[in-house]
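Mapping of the sequence shown onto numbering that gives the first Met the number 0: position 51 corresponds to residue 50, and the numbering continues sequentially without gaps.
Positions of the beta carbon are idealized from the N, C-alpha and C atoms, including for glycine.
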Amino acid sequence: MAAPEAGPANQRHAADEARYQAFDSYPWAKDRIFVEQLSNALSEVQSDGSSLFGVALQARIQRFEQQTKIKIDSDAYKQWLSQNNKQQPRIVSEQTVAIEAMATPNPGDRKLAHLLVELGDPLGQLALQQTVSAPAPVPVPSWQAAAPTAELFIKKDPSSTDPDKEPYPKKFEEIVEFLQTGKPIPGIRQIPDTIIEDPAITTHGRLAAPLKPWEVGRATATDYSGSSSVEGGT
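Structure below.
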């Protein structure tokens, strides 16, 4: 006897099951863009005991739809988790949580750790218990401590008219004066800007210009006709 066909309710249930399984199995911790979006969203939440669960779930839904074009209903997903006695997957890596703990001395400001506590992940409580010690002072070498100190600027000549400019050399000032007054500068040869033509040099050549390519055949035909006329006359 053939098995009865699955009804619309069973098909819808199977589709929801597959959708939520794919939603939870998405590699959240490896998606750097999602981790950055999640951190930015959590940073905007005030540290007054507000729930981070909804913020993280909304960030997951938006990123999952961007990547797969599949929409997730938050209320239906939370109901699915409750009916199947499941918890949300870990959406950040241990390395990311450790980096936050090292960079945030105050445990109350570690949003990722508080999020994991809300999700029931024991890693969140471990991250909140992590203490960050103050960095040890860097020892100064003895030679550096004994080195004399000096001012890091050079005092300018008080006789300068402009305190923001160094005085120009005397030679430079003299050249500027010569240029402004039009006087000849000593040591510079004056060359007249006139051209003296040499009568022994002419711009007209004595040789005949060579024939151009289209003139070669014409000259040959002319020479041939002229020679034929001469022969016929004789």
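- Of the other Cβ atoms in all chains shown, fewer than 16 fall within 10 Å of the Cβ of Ala13; this residue is therefore exposed.
- Taking every protein chain shown into account, the CB of Ile190 has fewer than 16 other CB atoms within 10 angstroms, so this residue is exposed.
- Each residue's CA atom was taken as its position, placing Glu93 and Gln87 some 16 Å apart.
- The beta carbons of Arg109 and Leu127 sit closer together than 8 Å.
- In this model, Val139 and Asn105 are separated by some 30 Å (Cα to Cα).
- For Ile32, the enclosing alpha helix (DSSP H) stretches over residues 31–42.
- Boundaries of the alpha helix (DSSP H) harbouring His113: 110–117, taken from the DSSP string.
- Counting C-beta atoms within 10 angstroms of its own C-beta, Arg31 has fewer than 16 neighbours from the protein chains shown and is therefore classed as exposed.
- Taken atom to atom, the span from the alpha-carbon of Gln65 to that of Glu35 is near 15 Å.
- Boundaries of the alpha helix (DSSP H) around His12: 7–24.
- Burial check for Leu210: the Cβ neighbour count within 10 Å stays below 16, so the residue is exposed.
- Shown here, Asp74 sits in a helix according to DSSP, grouped into three states.
- In the three-state reduction of the DSSP assignment, Ser141 falls in the helix class, which pools H, G and I.
- Between Ala40 and Val54, the C-beta spacing is below 8 Å.
- Setting aside the 5 residues that flank it on each side, Ala58 is surrounded in the same chain by Gln36, Leu37, Ala40, each with a C-beta closer than 6 Å to its C-beta; the list follows chain order.
- Using a Cβ distance threshold of 8 Å, Glu99 and Leu51 do not count as a contacting pair.
- Counted as a single uninterrupted DSSP element, the stretch harbouring Val91 is not any alpha helix (DSSP H), since DSSP gives it neither H nor E.
- In the three-state reduction of the DSSP assignment, Ala199 falls in the coil class.
- Only buried fits Ile71, as 16 or more other CB atoms lie within 10 angstroms of its CB.
- In this structure His203 is exposed. Its beta-carbon is surrounded by fewer than 16 other beta-carbon atoms within 10 angstroms.
- By the C-beta density criterion, Val137 is exposed, having fewer than 16 other C-beta atoms within 10 angstroms.
- Secondary structure at Leu51: coil, using DSSP grouped into helix, strand and coil.
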